[in-house]
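J.: 2 is the number of the first residue of the sequence shown in the numbering used here; add one for each residue after it. Glycine is no exception: its CB is placed at the ideal position from the N, C-alpha and C atoms. Fair warning: this is a prediction, and the values are worked out from it, not measured in the lab. Below you will find the structure I want to go over with you.
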Amino acid sequence: MNFFDRLHDRIRTVDSVVSVGLDPDLDRIPDHLRDHDLPRWAFNRRIIDATHEHAAVFKPNAAFYEDPDGWRALEETIAYAHGKDVPVLLDAKRADIGNTARQYAKTLETADAITVNPYMGRDSLQPFLADEESGVFVLCRTSNPGGADLQDLELETGEPLYERVAALADLWNENDNVGLVVGATKPEELEDLREQVPDLPFLVPGVGAQGGDAEAAVEYGLANGVGLVNSSRGIIFAGEDAGEEFAAVSGQAAKRLKQRLNQYRD
């Protein structure tokens with residue numbers, strides 16, 4: 002089974018398309034965890050315990066782990082999530098050429114899927130695309146305001162650059178392991194992209210703290226019932242002021258998001 006087959010089964014098992022983003026900002030981790038050997042791992046373990054029954058995947062963002070203790074915390078986090086039968090999507094936005102790309106792709110020996118940046122073209126993504134069992138989410142249409150600087154550029158064909166990225170990702174999907182990252186803040190673009198690539202699952206960020214459209218995220222983000230809607234800060238820091246009860250509040254936030262999204266699922 003490849004990643005999207007496993008994701009399909011996970012979505013059915015927990016009746017959820019929620020991606021819980023594990024972005025353990027050290028400045029926001031509760032005080033009582035900061036004396037632990039690996040505070041980020043201590044934080045993540047409690048979040049996983051509280052949210053795993055509502056999570057289709059856990060999505061750690063590599064930026065929060067890029068130091069020696071962070072990589073150790075990430076390894077523990079991935080192993081623990083797998084112990085709860087939850088796939089892990091590493092939000093790393095990697096891409097490069099030659100040996101560098103092959104080294105980046107080794108990340109998929111531990112994580113189940115990864116986000117990649119298509120700016121350098123297919124050869125920079127080939128080591129990821131060639132891994133038939135893992136998922137590859139190609140950045141396509143991001144929800145940040147500055148994304149328009151490049152993504153909206155009109156090509157000679159009249160299409161914006163982000164639509165060309167979607168079309169290329171569809172061509173690159175030879176192993177049925179490719180999805181797209183498409184933000185939830187512009188529902189009309191989600192709809193247009195779904196019409197263009199009907200079979201690619203979307204990872205849709207922006208529904209939590211960024212206030213994206215939950216209904217559109219579900220209606221257009223899923224392909225044959227498979228897709229993900231991510232919330233990071235809106236879940237993991239929902240209990241920021243709750244002291245030692247922070248994880249329980251995060252669990253409630255994950256459950257609410259699952260119920261909110263499920264209103265719009267078939």
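#1: Report, in whole angstroms, the separation of the C-beta atoms of Gly-184 and Gly-147, which I expect to be a contact under 8 Å.
#2: Buried or exposed: Tyr-105, going by 16 or more other Cβ atoms within 10 Å of its Cβ?
#3: Should Pro-31 go down as buried or exposed, given a rule of 16 or more other Cβ atoms within 10 Å for buried?
#4: Just curious, the alpha helix (DSSP H) that Val-250 is in, first and last residue?
#5: List the endpoints of the continuous beta strand (DSSP E) containing Ala-114.
#6: Tell me the DSSP secondary structure of Lys-85 in three-state form.
#7: So, Pro-119 versus Leu-126, is the Cβ gap smaller than 8 Å?
#8: Tell me where the beta strand (DSSP E) around Gly-180 begins and ends.
#9: Is it the case that the Cβ atoms of Ala-243 and Ile-48 are separated by a distance below 8 Å?
#10: Between which two residues does the alpha helix (DSSP H) containing Val-208 stretch?
#11: What's the call for Glu-246, buried or exposed, on a 16-neighbour Cβ count within 10 Å?
#12: Compare the C-beta of Val-89 with all C-beta atoms of chain B and state if any pair is closer than 8 Å.
#13: Just how far apart, CA to CA, sit Leu-162 and Leu-8?
#14: Val-15 by DSSP, collapsed to three states: which one?
#15: Is the distance from the Cβ of Val-19 to the Cβ of Ala-255 below 8 Å?
#16: Are the region 162 to 172 and the region 195 to 206 touching, with three or more C-beta to C-beta distances below 8 Å?
#17: Please classify Ala-80: is it buried, with 16 or more other beta-carbons within 10 angstroms of its beta-carbon, or exposed?
#18: Assuming Asn-231 and Val-205 form a contact by the criterion Cβ under 8 Å, report the distance between their Cβ atoms to the nearest whole angstrom.
#19: Would DSSP call Arg-266 helix, strand or coil?
#20: Could you tell me the boundaries of the alpha helix (DSSP H) in which Ala-239 lies?
#21: Mapping DSSP to helix, strand and coil, what is Ser-125?
#22: Is DSSP giving Lys-187 helix, strand or coil here?
#23: Output the boundary residues of the alpha helix (DSSP H) element that contains Arg-41.
#24: So Glu-133 and Asn-100 are in contact, right, with Cβ under 8 Å, and what is the actual spacing, rounded?
#25: Kindly indicate which residue of Gly-159, Trp-173 and Gly-222 has the alpha-carbon position closest to the one of Glu-190.
#26: Quick check on Asp-113: buried or exposed, where buried means 16 or more other Cβ atoms within 10 Å of its Cβ?
#27: I'd like the list of long-range same chain contacts for Thr-111, defined as Cβ closer than 6 Å, with 5 residues on each side in sequence excluded.
T.: Let me lay it out:
#1: Wrong, their Cβ atoms sit about 12 Å apart, outside the cutoff.
#2: buried
#3: buried
#4: 247 to 263
#5: 114 to 117
#6: coil
#7: yes
#8: 179 to 183
#9: no
#10: First-last for Val-208: undefined, no H or E at that position.
#11: exposed
#12: No chain B appears in this structure, which consists of one protein chain only.
#13: 29 Å
#14: helix
#15: yes
#16: yes
#17: exposed
#18: 7 Å
#19: coil
#20: Segment: none, Ala-239 is in no alpha helix (DSSP H) and carries neither H nor E.
#21: helix
#22: coil
#23: 40 to 52
#24: Their Cβ separation, rounded to whole angstroms, is 21 Å, which puts Glu-133 and Asn-100 out of contact at 8 Å.
#25: Gly-222
#26: buried
#27: Ile-79
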